[in-house]
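Okay, so here's the structure we're looking at.
Number of protein chains: 2
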Amino acid sequence: MKESILTILKEHKKEGFVSGEELSRQFQVSRTTIWKHIRVLKEEGYQIESIPRCGYKLIAVPDMLYQQEIKPLLKTKIIGNKIHHYKEITSTNDVIKQLADNGSPEGTIVVCEEQLAGKGRLGRKWFSPNGAGIWCSVLLRPSIMPQHASKLTLLGAVAVAQGIRNQCGITSGIKWPNDLLVQGKKVCGLLTEMRAELDSVEYVVIGFGINVKNIEFHDEVSCKAISLEQLVGSKISRKKLLAEILASIESNYLLFLEQGFTPIKEQWEQFNITLGKKVVLSSPGQRVAGTAVRLGEEGQLVIKSVKGEEQAYYAGEITLRT
Amino acid sequence: MKESILTILKEHKKEGFVSGEELSRQFQVSRTTIWKHIRVLKEEGYQIESIPRCGYKLIAVPDMLYQQEIKPLLKTKIIGNKIHHYKEITSTNDVIKQLADNGSPEGTIVVCEEQLAGKGRLGRKWFSPNGAGIWCSVLLRPSIMPQHASKLTLLGAVAVAQGIRNQCGITSGIKWPNDLLVQGKKVCGLLTEMRAELDSVEYVVIGFGINVKNIEFHDEVSCKAISLEQLVGSKISRKKLLAEILASIESNYLLFLEQGFTPIKEQWEQFNITLGKKVVLSSPGQRVAGTAVRLGEEGQLVIKSVKGEEQAYYAGEITLRT
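Same order as they appear, the protein sequences are chains G and X.
In terms of the numbering used here, the first sequence has 258 at position 258, counting the first letter as 1, and numbering is strictly consecutive.
In terms of the numbering used here, the second sequence has 1026 at position 26, counting the first letter as 1, and numbering is strictly consecutive.
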């Protein structure tokens, strides 16, 4: 009912006040009950003016990624069918994995205002300050084998890049496998994890962190990170951007299930800033220099060494050489 | 201290009574404390005679897979370094995955007397009645990519088959990928699961259920299952068998980490009852008939169709045709 009251207040925002009596009649509850829901909305940050004998008027909506703010913007059928929002949690991947273990359906998302222990690939920290970005994870349950799940990492990068382009007009480049860079600095990182039997995936979690409103960065990453608002120089609506990205994840995911990896790979190549470049690939116990020549069929990076030998790599950290 | 008291009682089993006074002196605790530990041991099923002024005498050890019963039999360095024993749990894989998510180290095992929701591959039930079998899961944390984790499924089958052969003198055949059959009936099934980032495995769980003492089976599987005691016609010690299997898992795992999959594959082929046979492979939406010709490099089953075409399969259920 809280969400329905909010919807009515939003519809009447321009006209003026909605009377408590009208609301209580409409929902067939007492005016005290209406008032309790209004109080919860206020606690959530909604500015609502209440004047005796006039009623309630919505003045301002908080910049929060509440379910009731995202749901009306969604154009999806699956992705976002369940939205779990938190003010602060360790990480959205950690929480969604627990939900997934307990049977949450495909399309469930977890989003929060602040991650206390946000993480990137290879156990690295991801700084996720309160309200500054979109810290979100999406649960998928594809009927695929674990061998093919790495394709979803690349799918995630493509979907977020498309969402950012559609909503903010910024084209980011994908550094293999799935970092989004603009002007050489990171605007988004993705962390894909899975639970699987050895011949079937139980679920895949695509987590992404997008720097949207950050105006400064932690020392460790200050020269390597940038936010979308720093790039466009104006305000960006996190909830509209999130809705756009979820739509993009859904369309790419359905494409992947129907047509396989090829169309995703082609999209990835359009956003690519890795192929054709000289790169150094580092992974535990290994350091390879060469030219990144193409993606393999599973999304691996094929590197051609100075001797002219080609080899495909599934994992590792790329440094682009200029 | 409970385990140390038990050890002393076992050492003195033939000689006779150990006085409570002696025990309390040795552990520098009160006789009441000693008596409390004795009471716990009795509750666990140890038959201990206690006579005033004589002390305690161990009469019989229960047939339970307690840590204190398994530990003294272990010849391993890693596997079994932490043993969690339960009387009944949903499934050993479920519990060990929770422990793994909370940071339990490599080599941790979970073993129970009864699984309330034991499961096999593809979500099937695995009947796990109280005390009738070995229901156990082992936690591994190999530094490998998810693509290679399916090799550990085959490794698990090899290790259990070796353990059964060494301890019981029964040679079982491996039906691809990892069922152990004797006389065409299942004595053991394995279920391997993992948690992974898409380019690195966080952990792999090898779960196995061995029918040891079952004298009858649930209707659904009665013509397809058999127990080791039915096969040998005499009593089998579950704890000795488990210790032998854990040793075998460790030696095969170390071999795998040092030398790769080749030696495991060779062992698998020695226990094989699939290759060279006419088979039907069923998986969702697929049914393939042909001859199983060999294992692929990742442990896939290569099937040659009647037209002579070869294809490698990662997943599916094999029926052996006679």
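Here a beta-carbon is modelled for each residue, glycine too, at the ideal position from N, C-alpha and C.
Of the residues T1291(X), L1139(X), I1264(X), R1053(X), which one's Cα is nearest the Cα of Q1311(X)?
T1291(X)
Using DSSP bridges, identify the partner residues of M194(G).
In the DSSP output, where bridge partners are listed per residue, M194(G) has V204(G), A1196(X).
Could you list which residues in chain X have their beta carbon closer than 7 Å to that of D199(G), in chain order?
S1150, Y1314, A1315
Would DSSP call A132(G) helix, strand or coil?
coil
Are the segment 1208 to 1216 of chain X and the segment 1311 to 1320 of chain X touching by the rule of at least three beta carbon pairs closer than 8 Å?
no
Residue span of the alpha helix (DSSP H) that contains C1168(X), given as start and end
1150 to 1168
Starting from the beta carbon of P52(G), find every residue of chain X whose beta carbon is closer than 7 Å, and list them in chain order.
Within chain X, no residue comes near P52(G); the closest Cβ sits about 53 Å away, beyond 7 Å.
If I follow the unbroken beta strand (DSSP E) through E269(G), where does it start and stop?
For E269(G), there is no enclosing beta strand (DSSP E); the enclosing alpha helix (DSSP H) covers residues 262 to 271.
Looking at Q1098(X) and the ligand ZN, is the gap between the Cβ and the nearest heavy atom below 7 Å?
In terms of ligand content, the structure shown is empty, and the ligand ZN therefore cannot be addressed.
Using beta carbons (cut-off 8 Å, strictly below), is T1153(X) in contact with chain G?
yes
Would Q1311(X) pass as an interface residue toward chain G - the criterion being a Cβ-Cβ separation below 8 Å?
Answer no: the Cβ-Cβ gap between Q1311(X) and chain G never drops below 8 Å.
Apply the 10 Å Cβ neighbour rule to T1153(X) and answer buried if 16 or more other Cβ atoms are within range, or exposed otherwise.
Per the 10 Å Cβ criterion, buried.
Can you give me the Cβ contacts of L41(G) inside the same chain, cut-off strictly under 7 Å, excluding the 5 residues immediately before and after it?
For L41(G), where only same-chain residues beyond five positions count, the Cβ hits under 7 Å are K2, L6, I48.
For the alpha helix (DSSP H) containing G20(G), list its first residue and its last residue.
Residues 20 to 27.
Show which residues of chain X have a CB atom less than 8 Å away from the CB atom of P105(G).
Chain X residues near P105(G): none, gap ~16 Å exceeds 8 Å.
Taking the alpha carbon of S128(G) as the point to measure from, which residue in G207(G), F27(G), F17(G), T76(G) has its own alpha carbon closest?
G207(G)
Endpoints, beta strand (DSSP E) assigned at D219(G)
Where D219(G) is concerned, there is no enclosing beta strand (DSSP E), given that its DSSP letter is neither H nor E.
Interface flag, P1146(X) vs chain G, CB-CB below 8 Å:
yes
E193(G) at chain X interface by Cβ criterion, 8 Å:
yes
In terms of residues, what are the limits of the alpha helix (DSSP H) holding A1100(X)?
Following the DSSP letters along the chain, one finds A1100(X) inside the alpha helix (DSSP H) bounded by residues 1092 to 1101.
Any idea if A1196(X) is buried or exposed, counting beta-carbon neighbours within 10 angstroms, 16 or more meaning buried?
buried
Could you check if A247(G) is buried or exposed, using at least 16 other CB atoms within 10 Å of its CB as the buried criterion?
Counting Cβ neighbours within 10 Å, A247(G) comes out buried, since at least 16 surround it.
Residue burial classification, I89(G) (beta-carbon count within 10 angstroms, cutoff 16)
buried
So, helix, strand or coil for V110(G), using DSSP?
Three-state DSSP puts V110(G) in a strand.
Quick one: list the residues of chain G neighbouring R1287(X), beta-carbon separation under 8 Å, in chain order.
By Cβ distance, chain G contributes nothing, its closest Cβ being about 16 Å from R1287(X), past 8 Å.
Would you decide whether T1171(X) is buried or exposed? Buried here means 16 or more other CB atoms lie within 10 Å of its CB.
exposed
Given this structure, state the Cα-to-Cα distance separating S1200(X) from S1143(X), to the nearest angstrom.
7 Å
Do F1027(X) and G1055(X) have their CB atoms nearer than 8 Å?
When the beta-carbon positions are compared, F1027(X) and G1055(X) stay at least 8 Å from each other.
Any contact between the segment 149 to 163 of chain G and the segment 256 to 275 of chain G? By contact I mean 3 or more CB pairs, one from each, below 8 Å.
yes
Tell me the residue span of the beta strand (DSSP E) that contains H85(G).
83 to 89
Please state whether the Cβ-Cβ distance between N1093(X) and L1191(X) is less than 8 Å.
Taking the C-beta atoms as reference points, L1191(X) is found nearer than 8 Å to N1093(X).
If you draw a straight line from the C-alpha of K1185(X) to the C-alpha of Q1098(X), how long is it?
32 Å
I'd like to confirm the pairing. Which residues does DSSP put opposite C188(G) in its beta bridges?
L180(G), I210(G)
Taking only three categories from DSSP, how would you classify E49(G)?
strand
Classify L1065(X) as helix, strand or coil using the three-state DSSP reduction.
coil
Establish whether the CB of A292(G) and some CB of chain X are separated by less than 8 Å.
no
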